[in-house]
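Asks: Protein chains in written order, with my numbering: chain A, 1 to 112; chain B, 113 to 224.
Before I ask anything, here is the structure I am working with.
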C-alpha cells in the first residue's frame, strides 16, 4: 500500500493551458496497472480548452466552481460533482469562481 | 458527459460491514468500460475488516480520520490522503474520528 497527501506530489504545468496544473497522484510509477489518478488545479479564469481522447475519464470535484462543456451543453460543477466523460467525447472546463477549481480525474493507462 | 452530485446516488449497505455504505457514482450503468468510481462512508467506530481482491484500488480521502492497515503496518489517513492498494494485498480500514470517514475508491471493472 502507498499513502501520501495529494499535495506532496509535485504539480506540473500543462502545455498550452496557462493556469492549469496536474499532479499524477497514482500512476505507473506507483505500480498502477489499469488506471491513473490525477489531481488538477485550474486557477480562477483559467480554462481547459475543448479536447478529446480515446479514453473515458471519471472526475470528482473537490473544490471551487466551474462550467463543464460537452456536446454543446454546459453544466455547472462544484464540490461533490461527479462527471463521466465518454471515450472520444469533446469536453472543456473553465473556472468561473474566485478560488481554485480542483478535481480528481481518473483515466485508463492503456487502450485495449 | 454525465454530471451528478455524489450524494444523489443511493447509498447501499455493505454486507458484513455495519456502519459502512457504498455509492457507485460511476459504473457500468453509466457506460464506464475500464474502471468504476465509488464513494464510501464509514461511520465513527465502524471498520472495513481485512480483505483482499485481484484488483488494485486507488483512493482519495475526502473527510474524516482513520487508520489504514496493510502488510502489518498501520497508516493514519485524513482529508487529502491518496492511497494505492496493490492487487491481492490484504488491507483494512477503521474510522478513528468522531465524523464519517468518507473516501473515493476507484477499481477496475474486469480482470484482463
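The beta carbon of each residue, even a glycine, is placed where N, CA and C say it ideally should be.
Quick caveat, the model's predicted, so the values are computed rather than measured.
Can you list, in chain order, the residues of its chain whose CB lies under 6 Å from that of residue 209 of chain B, leaving out five sequence neighbours each side?
Replies: These residues qualify, in order along the chain: 176 and 177.
Asks: Starting from the Cα of residue 93 of chain A, find the closest Cα among A:86, A:40, A:21 and A:68 and give me that residue.
Replies: A:68
Asks: What separation, rounded to the nearest whole angstrom, lies between the Cα atoms of residue 152 of chain B and residue 132 of chain B?
Replies: Between the alpha carbons of residue 152 of chain B and residue 132 of chain B lies a distance of about 7 Å.
Asks: Identify, in the order they occur along the chain, each residue of the same chain with its Cβ nearer than 6 Å to the Cβ of residue 23 of chain A, setting aside the five sequence neighbours on each side.
Replies: Excluding sequence neighbours, residue 23 of chain A sits near 9, 11 and 39.
Asks: Tell me, which residues are paired with residue 96 of chain A by DSSP?
Replies: Paired residue(s): none; residue 96 of chain A is not in a bridge.
Asks: Could you work out which residues of chain A lie near residue 217 of chain B, taking near to mean beta carbons separated by less than 7 Å?
Replies: In chain order: nothing, as chain A lies at least about 11 Å away.
Asks: Where residue 196 of chain B and residue 35 of chain A are concerned, what is the direct C-alpha to C-alpha distance, given to the nearest angstrom?
Replies: 11 Å
Asks: For a quick check, are the C-beta atoms of residue 56 of chain A and residue 109 of chain A less than 8 Å apart?
Replies: no
Asks: How should residue 50 of chain A be labelled, buried or exposed, when 16 other C-beta atoms within 10 angstroms of its C-beta is the threshold for buried?
Replies: exposed
Asks: With which residues is residue 29 of chain A paired in a DSSP beta bridge?
Replies: According to DSSP, which records beta bridges pairwise, residue 29 of chain A is partnered with nothing at all.
Asks: Quick one: what's got a C-beta closer than 7 Å to residue 104 of chain A's C-beta in the same chain, skipping five residues either side?
Replies: Only 37, 39, 59, 60 and 62 meet the Cβ criterion.
Asks: Grouping DSSP H, G and I as helix and E and B as strand, with all else coil, what is residue 24 of chain A?
Replies: strand
Asks: Residue 194 of chain B lies in the beta strand (DSSP E); which residues open and close that run?
Replies: First-last of the beta strand (DSSP E) with residue 194 of chain B: 193-197.
Asks: By DSSP, does residue 164 of chain B sit in helix, in strand, or in coil?
Replies: coil
Asks: I'd like to know if residue 30 of chain A contacts chain B, where contact means its C-beta is closer than 8 Å to some C-beta of that chain.
Replies: Closer than 8 Å to some Cβ of chain B, the Cβ of residue 30 of chain A qualifies, so yes.
Asks: If you measure from the CB of residue 211 of chain B, is any heavy atom of the ligand SAH nearer than 7 Å?
Replies: This structure simply doesn't include the ligand SAH, nor any ligand for that matter.
Asks: Run through DSSP, which three-state label would residue 146 of chain B get?
Replies: coil
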